[in-house]
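Please read the structure below before turning to the comments.
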Amino acid sequence: PGVIVRLDDSSVKAKKGADPNLYLIHDDDLLKVINELRAAGAEAISINGQRLVGTSEIRCAGPTLSVNNVRSAPPFEVRAIGDQTSLSQALKMRGGVAETLKVWGIQLEIESSDDVYIPPYEGALSYTYAHETEKKEAAK
């Protein structure tokens, strides 16, 4: 179970003199959505089919966004596995992500689903400095 969040650029025309970039989805908008979902207990998250792991990046790459070095353009579909009510309410809370994006006309739709599929991470996880060790007691 979980939620599927669909985000798309604003269909509202930018007001004269206004920055048209405010009406487009940016990496920080997706990061706000992801952070709220994580804080609400999401156990797995993907953006446009790219599973997020500890080394995943979400960044602007021209008119597109890059996630796991895979570029995609709006609309974006964020999938999260977890308690449907908690995940949905985290995004809809007063003064929260959904309300903030609505100011600029960014389209955000939240759908609860009993069958959210998130694909496995397909990138390589290779560590240079981190390695497995025996458990040591914490310093006092």
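Whatever position you read off the sequence shown (first residue = 1), add 723 for the numbering used here. Just so it is clear, CB atoms sit at the ideal spot from N, CA and C, and this is done for glycine as well.
Reference residue i; option with closest CA among the options
| i | options | result |
| --- | --- | --- |
| residue 834 | 856, 809, 828, 818 | 809 |
| residue 806 | 736, 765, 740, 735 | 765 |
| residue 738 | 776, 826, 860, 773 | 826 |
| residue 763 | 779, 752, 815 | 815 |
| residue 820 | 724, 746, 759 | 759 |
| residue 784 | 823, 725, 842, 748 | 748 |
| residue 752 | 812, 767, 823, 740 | 823 |
Cβ pair residue i, residue j closer than 9 Å
| i | j | result |
| --- | --- | --- |
| residue 750 | residue 727 | no |
| residue 840 | residue 802 | yes |
| residue 786 | residue 730 | no |
| residue 769 | residue 829 | no |
Helix, strand or coil at residue i according to DSSP, with G and I counted as helix
| i | result |
| --- | --- |
| residue 826 | helix |
| residue 817 | coil |
| residue 811 | helix |
| residue 776 | coil |
| residue 790 | strand |
Residue environment, residue i, which counts as buried when at least 16 other CB atoms sit within 10 Å
| i | result |
| --- | --- |
| residue 742 | exposed |
| residue 837 | exposed |
| residue 853 | exposed |
| residue 871 | This structure does not reach residue 871, given that the chain is present from 724 up to 863, and the question cannot be answered. |
| residue 791 | buried |
| residue 754 | exposed |
| residue 847 | exposed |
| residue 875 | What is shown of the chain runs 724 to 863, which leaves residue 875 out entirely. |
| residue 857 | exposed |
| residue 849 | exposed |
| residue 725 | buried |
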